Amino acid sequence: MAAILGKKLGMTQVFGEDGVVVPVTVIEAGPCKVTAVREPERDGYAAVQLAFGETKQGKLSKGEEGHLKKAGASPMRHLVEFRDEDLGAEEGPKIGDDVTVSSFEAGQKVKVSGISIGKGFQGGIKRHNFSRGPVTHGSHNVRAPGSIGATTFPGLVFKGTRMPGQMGNKRVTQRGLEVFRVDAERNLLMLRGSVPGPKNGTVEVRTDG
């Protein structure tokens, strides 16, 4: 399994070999330093921890700085573990290794995880695609949610009822994306389609399947 951390730069258009315009999302991915390797015998699971996003000295706690310094990494803002049964193998990455976009290739299927754009408090129509009520004959129920519960029994509103509330700002994973182009010199991944999150948001790119 190939995995890397990156920053979403935005979307653009590129031409394929057949001359067709393809919308792509450009991600500045890595290089990420391997800061920890989890082993099933010692930790109970297999995973590799990657660091991304350089920050200033003193912005992290002493424990975090010591953990990164032990791996030969400069102060990094993000630490993410990627689980996989094969990552703990002998030929897998070691502490101090660098992970770059070279581990991906054009045509490869990947999935991207990120925090979706927050949209604040929204009503049921925008948040859940509800239909609005009538606007004639004196109706006052144009965009109101309507009835949300029963009468005497059970006399409460069930948890999970779709209602107005905070929208967005959640972890979202977009699957089935295709690596359109890899620019190893500039540490760029170009993925066909859109990925979750705002511009300059941190995303996780993993092979899909």
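So the number in my numbering is just where the residue sits in the sequence shown, counting from 1, plus 12. Every residue, glycine too, gets a C-beta built ideally from N, C-alpha and C. Because the structure is a prediction, the values reported are computed rather than measured.
- Message: Please report the straight-line C-alpha distance between G221 and K121, rounded to a whole angstrom.
- Response: Within the sequence shown, numbered from 1, the residue matching residue 221 stands at position 209. Within the sequence shown, numbered from 1, the residue matching residue 121 stands at position 109. Taking the straight line joining both Cα atoms gives about 8 Å.
- Query: Going by alpha carbons, who is nearest to D109 out of I16, T214 and L203?
  - Reply: Residue mapping note: residue 109 aligns to position 97 of the sequence shown, counting from 1. When only C-alpha atoms are compared, the closest one is I16.
Original post:
Is S125 helix, strand or coil by DSSP?
Top reply: Along the sequence shown, one-based indexing puts residue 125 at 113. If DSSP states are grouped into helix, strand and coil, S125 belongs with the strands.
*asked:* Helix, strand or coil for E216? Go by DSSP, reduced to three states.
replied: In the sequence shown, the residue the question calls residue 216 occupies position 204. Strand, per DSSP.
Item to check | Given G213 as reference, the closest of L72, C44, N181 and A156 once Cα atoms are compared | outcome: For the purposes of this step, residue 213 is taken as residue 201 along the sequence shown, with counting starting at 1. With distances taken between Cα atoms, G213 lies closest to N181.
Under the assumption that M175 contacts P146 (Cβ atoms under 8 Å), give the Cβ distance between them as a whole number of angstroms.
Within the sequence shown, the letter at position 163 stands for residue 175. Within the sequence shown, the letter at position 134 stands for residue 146. Their Cβ separation, rounded to whole angstroms, is 21 Å, which puts M175 and P146 out of contact at 8 Å.
Notebook entry, point to check: Any idea what DSSP makes of I39, helix, strand or coil?
Noted result: Here residue 39 is taken as the residue at index 27 of the sequence shown, counted from 1. In this structure, I39 counts as strand in the three-state DSSP scheme.
* Asked: Assuming G42 and G70 make a contact with CB atoms under 8 Å, what is their CB distance in whole Å?
  -> Here residue 42 is taken as the residue at index 30 of the sequence shown, counted from 1. Here residue 70 is taken as the residue at index 58 of the sequence shown, counted from 1. The Cβ separation is near 24 Å, so there is no contact.
Could you tell me the alpha carbon to alpha carbon distance between P166 and T47, rounded to whole angstroms? Counted from its first residue, the sequence shown places residue 166 at position 154. Counted from its first residue, the sequence shown places residue 47 at position 35. Rounded to the nearest angstrom, the two C-alpha atoms are 53 Å apart.
**Item:** Complete runs of the alpha helix (DSSP H) confined to the region 46-91 [at least 4 residues]
**Value:** 52-55 and 74-82
* Could you check which residue in E29, V124 and A63 has the C-alpha nearest to that of T219? => Sequence index remark: in the sequence shown, residue 219 carries index 207 (1-based). Minimum Cα distance to T219 is reached at V124.
Cβ of R183 within 8 Å of Cβ of I127? Position 171 of the sequence shown holds residue 183. Position 115 of the sequence shown holds residue 127. Contact: yes.
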